[in-house]
Amino acid sequence: MSRRELLAGLTLALILRLGFTINAYYRDVQPTPTGKYEYEPIARGLLASGVYSDPPGGVPTARREPGYILFVALIYKIFTTQRMYVFLAQVVLSTFTAAVLYGLTRRLFSPLAARFAFWACVLYPYFIYYAGYFFREDFLAFLLVLLLYVLVRWKGPWAALGAGFLGGWLCLANGAWAPACLWTVLALYATGRPGARLKRAAAFGLPLVLMIGAWAARNWSVFHEVIPFSSNVGGEIYIGMTIPYEILGTEEQTRRLGADPAFQAISKVEGEIPRHKAFMAAAKEYFLAHPAKFLETAAGHCVKLWRVLPHSRAYTHSYLVVALTALGSDGWLLPLALFGFWVKRRDPWVLWFFVPMILSVTWSFSISQAPIRYRVPLMIIVLMLAGAGFEDLLRRWRSKFT
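Heads up, the sequence shown is in our numbering, so the first residue is 43 and it goes up one at a time.
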């Protein structure tokens, strides 16, 4: 791909993301109630009081992992506490993601596969959409593609150390990525060169342990409880176990939880941490009483995380538009990526890194709620595999007619 085409693609990516973001900002329409995901309020609390907390008052919290919130707080510290600055930063990161993805795919697969992955990333609707809201998905995708690029581009322990820092940030932005990053330590050891594999694996693993450990130590010092990631986990697991997937996020979910005596009793428990512990205990009790049902539910979440069409919800856009957009993107990219996986099934990066990442992150989300949104960062890998599949299909087509 020429430099002119690359610049044209990045310009288009920037225009699409910026245009959607500005439109959404001035329409003042958020897909969730303000503060529901508690990222921005905690960032504001941190800046106002110096305490990882909700404003006002500065009461410490662990409801959300700090990775994305520190990013929001940094943007507010550098500029001002206007939401648009965070969205603009996400637009830039999402645009840069396409460029890094091109370089990564070119090094791992081929220039043609890289060209396909690049343009698919430029036009991928979910990357465009989430840049304009307080969601972590574009931020996570950027961290993932940069982590993989560093590991592929440079083979020494210092590069692995830098990638490990990105992995630690990825885990502290969303704890569901911790199993994938810990597996990467093993994959680096298994695929490394003799004599250097242990050093490289250890260099990647060190920042993971230190960063996750620092957050867990903070929570222990404040709450005297072991909370490696988020104190919301207990409630999310309980809801994911007891509420059918099809009604998650609907009024029917609210009705069922309102009729659930255990949920109502725990919801009235005073204090964030005691409530988290009570939900974890209730989830454990439910699992011990219904292990087969739990596994069936988790397996269903794994499958539905990768479905093409989202369920009909109260979207900020017409569901017809949402459905057609999904069919026009994931509807063919996911099957093409499966074919690309078959083509590259013997590639060590696919076997040791990409497939375990997809499986481990999918399973992490399976024990709680698993909307389609959670898989968006993994689309970095999907687009690469789709590029490999496209290249092989094109080769077969050309050989058939020449």
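C-beta: ideal position from N, C-alpha, C; glycine also.
In chain order, what residues of the same chain have a beta carbon less than 6 angstroms from the beta carbon of residue i, not counting five sequence neighbours either side?
i, result
"A258", "P270"
"A220", "C213"
"Y144", "A156, F160"
"M126", "Y67"
"L56", "T137"
"I279", "A325, I409, S410"
"R417", "L347"
"P167", "T367, S371"
"F158", "G429, F432"
"F305", "L299"
Considering only DSSP beta bridges, list what residue i is partnered with.
i, result
"S95", "P102"
Using a threshold of 7 angstroms, state whether the C-beta atoms of residue i and residue j are closer than that.
i, j, result
"P102", "G87", "no"
"G206", "F246", "yes"
"L427", "G382", "yes"
"T147", "G429", "yes"
"G276", "F329", "no"
"R59", "I170", "yes"
"T63", "A173", "yes"
"L208", "V142", "no"
"A218", "V363", "no"
"V192", "G51", "no"
"V194", "R149", "yes"
"I422", "L224", "no"
"I448", "Q295", "Residue 448 lies beyond the residue range present for the chain, which begins at 43 and ends at 444; the question has no answer from this structure."
"I400", "L375", "no"
"A412", "H318", "no"
So, for residue i: in the same chain, excluding its five sequence neighbours on each side, which residues have a beta-carbon less than 7 angstroms away from its beta-carbon?
i, result
"R178", "Y110, A215, N216"
"G431", "L378, A379, F381, G382, V385"
"A85", "I111, V114, A115, Y118"
Once you ignore the five residues that flank residue i on each side, which residues in its own chain have a CB closer than 8 angstroms to its CB?
i, result
"V268", "A258, N261, W262"
"G77", "Confidence at G77 is low in this model, with a pLDDT of 45, below 50, so the placement of that residue is unreliable and no value is reported for it."
"I315", "A104, F265, E267, I269, S273"
"A229", "W394, F395, P398"
"S441", "none"
"L436", "L154"
"W439", "none"
"R106", "Y79, E80, Y81, I84, S272, N274"
"M253", "F207, G210, W211, C213, L214"
Judging by CA-CA distance, which residue of the options is the nearest neighbour of residue i?
i, options, result
"Q124", "G209, S309, Y67, L366", "Y67"
"T339", "P303, S354, S406, D389", "S406"
"I409", "F176, Y287, A162", "Y287"
"G61", "A115, F129, L89", "F129"
"G92", "E107, A115, E327", "A115"
"A238", "K197, G99, A162", "K197"
"A131", "A141, T233, F113", "F113"
"L351", "D372, A331, K335", "D372"
"G255", "W211, Y231, P236, V227", "W211"
"R69", "Y175, C344, K335", "Y175"
"H353", "L135, W391, A334, I414", "I414"
"P390", "E312, L337, T226", "T226"
"A341", "G291, Y94, M283, A90", "M283"
Flag residue i as yes if its beta-carbon sits less than 7 angstroms from any beta-carbon of chain C, otherwise no.
i, result
"R46", "Included in the structure is just one protein chain, with no chain C present."
Please determine if the stretch 228 to 247 and the stretch 194 to 201 are in contact, where contact requires at least 3 C-beta pairs separated by less than 8 angstroms.
-> Taking 8 angstroms as the limit for Cβ pairs, the verdict is that the stretch 194 to 201 does touch the stretch 228 to 247.
**Prompt:** Does the stretch 431 to 443 come close enough to the stretch 362 to 374 to have 3 or more Cβ pairs within less than 8 angstroms?
**Reply:** They do not touch, by the three-pair rule.
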